[in-house]
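Here the structure is laid out as structure tokens; the discussion comes afterwards.
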Amino acid sequence: MHVFSALAMCATLYYCLANFNDDLVHSRRRLRLILATFALLHCLVLVGFELSASLIRRDPIYLLANTVFVFCLLLLLTGLSRPAVRDNGNPSQASQQTLPVPAHWLTTYEALQTLLAQGIYREPELTIGLLAERLDIPTHQLRTLINQQLGCKNFSHFINQYRLAYAAEQLRDLAHARTAILSIAYDAGFNSIGPFNRAFKQAYALTPGDYRRQHLSAVQSSSKDCTGS
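Numbering (this note's numbering), first residue to last: 63 to 291.
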């Protein structure tokens, strides 16, 4: 039981901290820190009891309390792990904010839209910190803007909307009909084909290959109809 608890706490620590910077929801970021703190303290308590000669570590009440604590912590962790892939609808509508932009955000919002129009999302190593530097604003302000005004709950999803929309445009283009899907994924800003395929299928309900075939065949059929008429 103690081994399971220790593994569960280590997994909790990793998940909370590994995705901390990507999370744009302030309340959820606080929850990550709280969960990570409790997981670390629980690990220290477990180690302390294992190294001591205390009989409490064999007490059924202690074992039950330990089990309940681990269960509750993992239950809270599942709330953090719910995907937010469709925060803002179809990737093709990524540039549309979900709420009117307040006057005090307008300059920053317009600067952000300019960078996005220039294709900054195609930089594979782009992080929210780097984007905030380019906008010359604090990172927490950019988190607030993207979360509250653009309706995205994590930075990866926000950027991937633009990357997927760009990739879909390339896949629909006859001029890129022979371009490898891997090349399009890299050009859009993805680091590997696996995450690109999964994100694309989740967004468009088709694999990139199927999406390309469907749209290019429709374009070719339309061209034949026009030629025939």
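By construction, the Cβ of each residue, glycine as well, lies at the ideal position given by its N, Cα and C atoms.
Residue i burial status per 10 Å Cβ neighbour count (16 or more: buried)
i: residue 251; result: buried
i: residue 237; result: exposed
i: residue 72; result: exposed
i: residue 74; result: buried
i: residue 132; result: buried
i: residue 157; result: Low confidence applies to residue 157: its pLDDT is 49, below 50, so where it sits in the model is not reliable, and the reading given next is rough at best. Its Cβ having fewer than 16 others within 10 Å, residue 157 is exposed.
i: residue 92; result: exposed
i: residue 192; result: exposed
i: residue 82; result: exposed
i: residue 94; result: buried
i: residue 76; result: exposed
i: residue 103; result: exposed
i: residue 292; result: The question about residue 292 has no answer here: the residues shown for the chain are numbered 63 through 291.
i: residue 261; result: buried
i: residue 101; result: buried
i: residue 12; result: Residue 12 is absent from the structure shown; the chain starts at 63 and stops at 291.
i: residue 127; result: exposed
Per-residue DSSP class, three states only, for residue i
i: residue 222; result: helix
i: residue 81; result: coil
i: residue 253; result: coil
i: residue 279; result: helix
Distance, residue j Cα to residue i Cα
i: residue 149; j: residue 223; result: Because the pLDDT of residue 149 is 48, which lies under 50, any placement of that residue in the model is unreliable, and the number read from its coordinates should be weighed accordingly. Distance between the alpha carbons of residue 149 and residue 223: 10 Å.
i: residue 215; j: residue 209; result: 6 Å
i: residue 129; j: residue 105; result: 13 Å
i: residue 79; j: residue 241; result: 38 Å
i: residue 164; j: residue 270; result: 37 Å
i: residue 107; j: residue 201; result: 35 Å
i: residue 245; j: residue 69; result: 39 Å
i: residue 254; j: residue 110; result: 43 Å
i: residue 188; j: residue 199; result: 16 Å
i: residue 134; j: residue 99; result: 14 Å
i: residue 274; j: residue 170; result: 36 Å
i: residue 184; j: residue 235; result: 18 Å
i: residue 247; j: residue 162; result: 32 Å
i: residue 276; j: residue 180; result: 29 Å
i: residue 258; j: residue 186; result: 12 Å
i: residue 195; j: residue 172; result: 15 Å
Integer-rounded CB distance, given that residue j should sit under 8 Å from residue i
i: residue 190; j: residue 217; result: 5 Å
i: residue 220; j: residue 212; result: 7 Å
i: residue 168; j: residue 197; result: Not a contact, Cβ separation roughly 13 Å.
i: residue 239; j: residue 278; result: 6 Å
Proximity test, residue i beta-carbon vs the ligand ATP heavy atom, cut-off 7 Å
i: residue 165; result: In the structure shown, the ligand ATP is absent, as is every other ligand, since no ligand is present at all.
Item to complete: Check whether the segment 205 to 215 touches the segment 81 to 93, taking contact to mean three or more Cβ pairs, one atom from each stretch, closer than 8 Å.
Response: They touch, by the three-pair rule.
Discussion item. Under 8 Å: do the segment 261 to 273 and the segment 219 to 235 share three or more Cβ pairs, one atom per stretch?
Written reply: Between the segment 261 to 273 and the segment 219 to 235, the count of Cβ pairs shorter than 8 Å is three or higher; the stretches touch.
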